[in-house]
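Novice: In terms of our numbering, the sequence shown has 45 at position 42, counting the first letter as 1, and numbering is strictly consecutive.
Virtual Cβ for every residue (Gly too), placed ideally from N, Cα, C.
To start, I am sharing the structure in question, which I have written as structure tokens.
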Amino acid sequence: MLVLNCPAFRGRIPDPTIRCLLQQRFSEVCAGEPYDHNLHGT
Numbered sequence: 004m005l006v007l008n009c010p011a012f013r014g015r016i017p018d019p020t021i022r023c024l025l026q027q028r029f030s031e032v033c034a035g036e037p038y039d040h041n042l043h044g045t
């Protein structure tokens, strides 16, 4: 299991389709803002 609590970690996923889904999810969570662990993380 991988814990991906930052969009920078998406490179750890070898499958390009899953990487794309992860990027989409981070984009939805951040809603256009730069990623901030304190605001968007858990």
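Roughly how many angstroms lie between the CA atoms of R15 and G35, to the nearest whole one?
Specialist: Using only the alpha carbons, I get a separation of about 23 angstroms.
Novice: Is C37 helix, strand or coil by DSSP?
Specialist: Residue 37 is actually Pro in this sequence, not Cys. Here P37 sits in coil by DSSP.
Novice: Would you mind stating whether C33 and H40 have Cβ atoms separated by less than 7 angstroms?
Specialist: Cβ distance not < 7 angstroms, so C33 and H40 don't count as in contact.
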